[in-house]
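Participant: Pasting a structure below so you can have a look.
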Amino acid sequence: MRRHLKEQLYGLLDTITEAHCELEQYIMDGETDNAVDLLTACQSAAISVGNNIENSEGEGTEAVSLLEIYSEELYKISVVIQDGTSCNKSHDIVINLNKLINKIINCVRNIPEKREVVFLPYNASMWDSLESVWMAACEDEGCDAYVIPIPYYDKNPDGTFGEIHYDIDDYPEYVPVVPYKDYSIEERKPDVIYIHNPYDGYNKVTSVPPQYYSKELKKHTDKLVYIPYFVSGDAVPEHFCVLPGTAYADCVIVENETVREIYVKEYEKATGKKGTGDKFIALGSPKFDRAARLDRDDFVLPDEWRNLIGNRKVILYNTSIQNLLDYTEKVIDKIKNTIDIISKRNDVILWWRPHPLTEYTLKSMKTDYYDRYMEVVEWYKKSGIGIYDDTADLERAISFSDAYYGDGGSLRVLYENTGKPVMLQNPYLLG
């Protein structure tokens, strides 16, 4: 049972005990109607306590059994009061009721306390940045863990919200997800909230609904934890260190000590605050945990892809957003050139996995190039000369490929940990 709920129940039970004092006086003064009304109010409060306990702990608890006995006693007392035969027994009646309430309070006190821990992923392809922490929370008997995927919007070029996306059906089958409309953060006030989106309203490409901005979430939890959706090796761009998610989080979990030192330095430089080192903790990244845990046997490969691969080696081709924004025309030409070269070989096949937000980014920030890029994508998909992967299964692509080619970024860092060959592309070199 959550600590907050226990405090609420103690408050209700204390109110009931205080009502017993009034009840004794009403009975002694012969104020039958007032006494019956108070008994009814006590019964309603007891039912509320019982319902809360059953919702938290299930049926059959000792506390609920005692509450049922207490409610029966209230009914018997109301009958006796209305018969007018209870004036001399008022003190004994209240003593017996208080004994029952004290037993109920002790039962509630003995219920183990649990923390309610909520995970708020937005893009299913980034779930790997939270998964191992969620697994640990599920194994902790002191936690009730909930995975609540939240929607996100494309952003139009003028910054307004565009199309909405909701990836709830794209999570692994072993992850029990809760629809965001079925869980009110404002009402439940979870003990801990984990996020992997640090932008609030500052991302030019996508946005989660404003009620899920870190600034708002912080109002409804004791502890807000931010884990970056990416890994960066031994460096991290400075602006990631001072985003809203970093600022409002009570704790930021980063991948290594070198990255932690960068976060502390840049955060303190931007905010003017000192001594913030405890806010940043180098515990590793869940992305590494998931990549290390899974292998080919954990995934189902579509028959079409398996037939395409055959006995050939697989090159995982990763294209990032940043390079596409910086060298848009050259990167599009480079993609076409890479596909053309690999497709002419019989010993290898290309597994192209663009960043999951590529299309949304071009539509929002490079509208003149969007159609041209999509022509390349559609041509590649229809040609059947390689695999186009826009699924959430990042680790599947890593597991089934034999080498990496493409841009830098988070996927490159993950791939380097496998020990398989890695080669970065140069958008200025063709052929």
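Heads up: the sequence shown begins at 30 in this note's numbering, then just goes up one per residue.
We put the CB at the ideal spot given by N, CA and C, even for glycine.
#1: Return the residue from the list Lys359, Tyr203, Ala426 that minimises the CA-CA distance to Cys167.
#2: What's the C-alpha gap between Tyr228 and Arg382?
#3: Between which two residues does the alpha helix (DSSP H) carrying Gly274 extend?
#4: Just mark Lys308 as buried or exposed, buried being the case when its beta carbon has 16 or more other beta carbons within 10 Å.
#5: Going by the CB atoms, is the gap between Asp157 and Glu424 shorter than 8 Å?
#6: Return no unless some Cβ of chain C is closer than 8 Å to the Cβ of Leu149.
#7: Once DSSP output is grouped into helix, strand and coil, what is the label at Tyr501?
#8: Counting beta carbon pairs with one atom in the segment 339-349 and one in the segment 370-377, are three or more of them shorter than 8 Å?
#9: Closest by CA to Thr390, which one among Ser94, Ala174, Gln351?
#10: What are the residues that DSSP puts in a beta bridge with Ser236?
#11: For Val405, which residues in the same chain have their Cβ closer than 7 Å to its Cβ, ignoring the five residues on either side in sequence?
#12: Could you tell me which residues DSSP pairs with Asp173 in its beta bridges?
#13: Kindly indicate the opening and closing residues of the beta strand (DSSP E) around Arg382.
#14: What is the residue span of the beta strand (DSSP E) that Val162 lies within?
#15: Which of the three DSSP states is assigned to Ile222 in this structure?
#16: What's the C-alpha gap between Ser439 and Ser261?
#17: Between Tyr356 and Pro266, what straight-line distance do the alpha-carbon atoms span, to the nearest angstrom?
#18: Return yes when the Cβ of Leu68 is within less than 8 Å of the Cβ of Ser94, no when it is not.
#19: Exposed or buried, which one is Lys294 when buried takes at least 16 other CB atoms within 10 Å?
#20: Of the choices Asn232, Ile197, Pro201, whose alpha-carbon is the least far from that of Phe190?
#21: Does the beta-carbon of Asn226, which I'm using as the reference point, lie nearer than 7 Å to any heavy atom of the ligand COA?
#22: Leaving out five residues on either side along the sequence, give the residues of the same chain with a beta carbon under 7 Å from the beta carbon of His49.
#23: Under 8 Å, with one C-beta from each stretch per pair, do the segment 328-343 and the segment 410-427 reach the 3-pair mark?
#24: Less than 8 Å separating the beta-carbons of Pro315 and Ser161?
#25: By DSSP, does Glu88 sit in helix, in strand, or in coil?
#26: Contact check, Leu103 vs Gln72 under 8 Å by CB: the rounded distance?
#27: In the DSSP assignment, the alpha helix (DSSP H) including Tyr389 goes from what residue to what residue?
#28: Would you check if there are 3 or more beta carbon pairs closer than 8 Å linking the segment 135-152 to the segment 174-184?
#29: What separation, rounded to the nearest whole angstrom, lies between the Cα atoms of Leu129 and Tyr99?
#30: What first and last residue would you give for the beta strand (DSSP E) that runs through Ile282?
#31: From His120, Cys280, Gly89, Pro141, pick the residue whose C-alpha is nearest to that of Tyr55; which is it?
#32: Determine the burial state of Asp397: buried for a count of at least 16 other Cβ atoms within 10 Å of its Cβ, exposed for fewer.
#33: I need the boundaries of the alpha helix (DSSP H) containing Val207, first residue and last residue.
#34: What separation, rounded to the nearest whole angstrom, lies between the Cα atoms of Thr44 and Lys143?
#35: What is the residue span of the beta strand (DSSP E) that Asn347 lies within?
Facilitator: Reading from the atomic positions:
#1: Tyr203
#2: 24 Å
#3: 273-277
#4: buried
#5: yes
#6: In the displayed structure, chain C is absent; only one protein chain is listed.
#7: An answer regarding residue 501 cannot be provided, because it is not within the stretch 30 to 460 covered by the chain.
#8: yes
#9: Gln351
#10: Tyr182
#11: Ile361, Ile364, Lys365
#12: Glu145
#13: 377-383
#14: Here Val162 belongs to no beta strand (DSSP E); instead the alpha helix (DSSP H) covers 160-168.
#15: strand
#16: 6 Å
#17: 19 Å
#18: no
#19: exposed
#20: Asn232
#21: In terms of ligand content, the structure shown is empty, and the ligand COA therefore cannot be addressed.
#22: Val123, Leu126, Asn127
#23: yes
#24: yes
#25: coil
#26: 5 Å
#27: 387-394
#28: yes
#29: 7 Å
#30: 280-283
#31: His120
#32: exposed
#33: Taken as a continuous stretch (DSSP letters only), Val207 belongs to no alpha helix (DSSP H), as it is neither H nor E.
#34: 24 Å
#35: 342-348
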